[in-house]
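There are 2 protein chains.
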Amino acid sequence: MIKRLDQIEGLISGLKPGRIAVAAAHESYVLQSVAAVHAKGYGLPVLIGDKEKILALADEMALDISGMAIIKELDTLRCAEIAASLVGSDEADVLMKGQIQTSDLLKAVLERDRGLRTGRLMSHIGVYEIGHYDKLLFVTDGGINIAPDLRQKVEIIKNALKLTRLFGIDRPKVAALTAVETVNPAMPSTLDAAALSKMAQRGQIPDCEIDGPLAMDNAINRVAAEHKQIISEVAGDADILLAPDIEAGNILVKALIFLGQARSCGIITGAKAPLVVTSRAESSEAKYYSMLLALAMAGLPDEDGKGIRS
Amino acid sequence: MIKRLDQIEGLISGLKPGRIAVAAAHESYVLQSVAAVHAKGYGLPVLIGDKEKILALADEMALDISGMAIIKELDTLRCAEIAASLVGSDEADVLMKGQIQTSDLLKAVLERDRGLRTGRLMSHIGVYEIGHYDKLLFVTDGGINIAPDLRQKVEIIKNALKLTRLFGIDRPKVAALTAVETVNPAMPSTLDAAALSKMAQRGQIPDCEIDGPLAMDNAINRVAAEHKQIISEVAGDADILLAPDIEAGNILVKALIFLGQARSCGIITGAKAPLVVTSRAESSEAKYYSMLLALAMAGLPDEDGKGIRS
């Protein structure tokens, strides 16, 4: 079982290098991480953006970008549209955010005529390596869906399951997080959690165990779960944490990274191709592994058994 | 400035020992922590519960409880009522939860005729010592208020300010946490955060700096705040984190404790006396410092300048 982020490299060995469309690539941190992925032979970047600035930055940082295609475009929104269109027309396998607001990038992705929409919900999934947890922890969705309803939470879980499948986790354990471990009519998140548990039990959400409501301690700490006498396959041993909403999810993952010293990466799934939308504040390590994750996901067969990549 | 939990001992030095009413004290962990506080001369426990069991447990664990009053009561709910009445009639300064559900204890506290209600909102505040933050972090409210509205958030902040005042923090920095640092009409928590910031600026919430909306990373990490070009007294240097709701608050503090290895303690304020409601899963250290915190709070003058304690 994969327990460390650096083992993600193993997931893409054997795959031919995927094509990465980088929207608004004229940013030093982005160029740096893209160059690292390219140097390892994992990806073929297509840089879309201010060509002069890209060349100047590469020169300044002594980055070898000689093998990368560059599409000159000064308008940031247009960069996103070009990147999305490349993915839509199968000319790129992964879309990466550069010097552009995430919301602007997503707008370009969601435009109907660019061919990235799949009818599925898009959601963010983060992968965390934490010193005091004995396996990787997948957290969703602290990035895209503000207040998902039950139907959307099902989609968010299904998106996460694709990632855990990639990691070779058999029947991942999903904890539907709330503030408590009991169903409380005054807390709608506990009702959703109960419903999700039952849906998994009835086979409506296959290939995983789901339990909830669970508080954070019950979900990831066996002693805490035992104190509460919770009888559950999931409690104390969760692989996937489903946050009740974007605030809880976002605050959780940032606490893990900035106060818990977790190593992390993450992607957005649900579009035709995986999206890498790391922020400036994230480490170059996070950017690097997020790209590898996206490339590995792009190498998976899709729902119809066809490969996403040609 | 107090930066470590063990410095809380300094807050109660010089105070005469406070009286702690322990509701349903027949539980080994509770007895152990109460005995530690008593042995140090900080508190005078009144144990309410199954007297036979209390004596047997003390004997078994070799705890000296000879100086403590014991009120024999086999009914758990009745234990809570007695403890609350002791506080209501100024016969105890602090109320501590023993072997009883928090909701049952709070019910006894909120009964009008017991004299614990103050007209103020009750809220939970936790204090966290985290390896990778250079001061103590106060988080509220992950324990009591499910989905506080703006008015209730003001009360929650005011309750927290009493605690930071006790710690000698001059004009504490309050971060109103959400998932983003921008106002978004689709995310009500960002609107509340903006309103709270303005209320502080206008003097409607005095003696503190408030800024929000802030994402978790912007609130506690200066580099992350700079990346987002946030100009703020609070960003990157928060003392108090106001969670948008109970889920986000509860998940945050449990992640800090169980994955971030934070040392912690906490109390409920807003009633006539501080309440200690630590759970079984919490460490004995957390129980010990929570009691000291409650005793120190009980030693503060109240709103009218009168001491809570006689």
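Respectively, the protein sequence lines represent chains A and B.
Position in the first sequence (first residue = 1) + 51 = the working numbering.
Position in the second sequence (first residue = 1) + 51 = the working numbering.
Backbone N, C-alpha and C define an ideal beta-carbon position, used for all residues, glycine too.
| Check | Outcome |
| --- | --- |
| Taking 8 Å as the threshold (beta carbon to beta carbon), is B:A189 in contact with chain A? | Here the sequence assigns Phe to residue 189 of chain B, which means Ala is not the residue at that position. So, not an interface residue. |
| Can you find a C-beta in chain B that's less than 8 Å from the C-beta of A:D268? | yes |
| Could you tell me the boundaries of the alpha helix (DSSP H) in which A:H278 lies? | 273–278 |
| In the DSSP output, which residue or residues are listed as bridge partners for A:G69? | A:G94 |
| Quick check: the segment 179–190 of chain A against the segment 244–255 of chain A, are there 3 or more CB pairs under 8 Å? | no |
| Can you list, in chain order, the residues of the segment 175–201 of chain B whose Cβ is nearer than 9 Å to any Cβ on chain A? | Y179, I181, G182, H183, Y184, L188, G193, G194, I197, A198 |
| When you compare each of B:I319, B:Q83, B:K123 to B:E111 by their alpha carbons, which one comes out closest? | B:Q83 |
| What does the alpha-carbon distance come out to for the pair B:A120 and B:G100? | 11 Å |
| For B:S140, which of B:A276, B:I122, B:L167, B:A109 has the nearest alpha-carbon? | B:L167 |
| Label B:A270 either buried or exposed according to how many other C-beta atoms from any shown protein chain fall within 10 Å of its C-beta, with 16 as the threshold for buried. | buried |
| What separation, rounded to the nearest whole angstrom, lies between the Cα atoms of B:A275 and A:G254? | 42 Å |
| Report the option in A:M52, A:A113, A:D144 whose CA atom is closest to the CA atom of A:L343. | A:D144 |
| Name the chain A residues whose beta carbon is nearer than 7 Å to that of B:K305? | A266, M267, D268 |
| Indicate the three-state DSSP secondary structure (helix, strand or coil) for B:A227 in the structure shown. | strand |
| Quick check: the Cα distance between A:N210 and A:G350, rounded to an integer number of angstroms? | 15 Å |
| Taking 8 Å as the cut-off, decide whether the C-beta atoms of B:R331 and B:Y80 are in contact. | yes |
| Report the neighbours of B:S240 on chain A: residues whose CB is nearer than 8 Å to its CB, in chain order. | E298 |
| At 8 Å on the CB atoms, spell out the chain B contacts of A:L228, in chain order. | E298, I302 |
| Is there a Cβ of chain B sitting closer than 8 Å to that of A:L157, yes or no? | no |
| Between the alpha carbons of A:M267 and B:G61, how many angstroms are there, rounded? | 32 Å |
| Taking 8 Å as the CB-CB cut-off, is A:G358 touching chain B? | For A:G358, the predicted structure reports a pLDDT of 45, less than 50, and the residue's modelled location is therefore unreliable. The matter cannot be settled from this model. |
| Going residue by residue through the segment 200–260 of chain B, where are the continuous alpha helix (DSSP H) segments of at least 4 residues, counting only ones entirely within it? | 201–217, 239–252 |
| According to DSSP, is B:Y184 part of a helix, a strand, or is it coil? | coil |
| Distance cutoff 8 Å, beta carbons only. Does B:A135 sit that close to anything in chain A? | no |
| From this set, A:M147, A:L137, A:L98, which residue's C-alpha is nearest A:K123's C-alpha? | A:L98 |
| Using the beta-carbon count (16 or more within 10 Å), is A:E260 buried or exposed? | buried |
| Is there at least one Cβ from chain A nearer than 8 Å to B:N272's Cβ? | yes |
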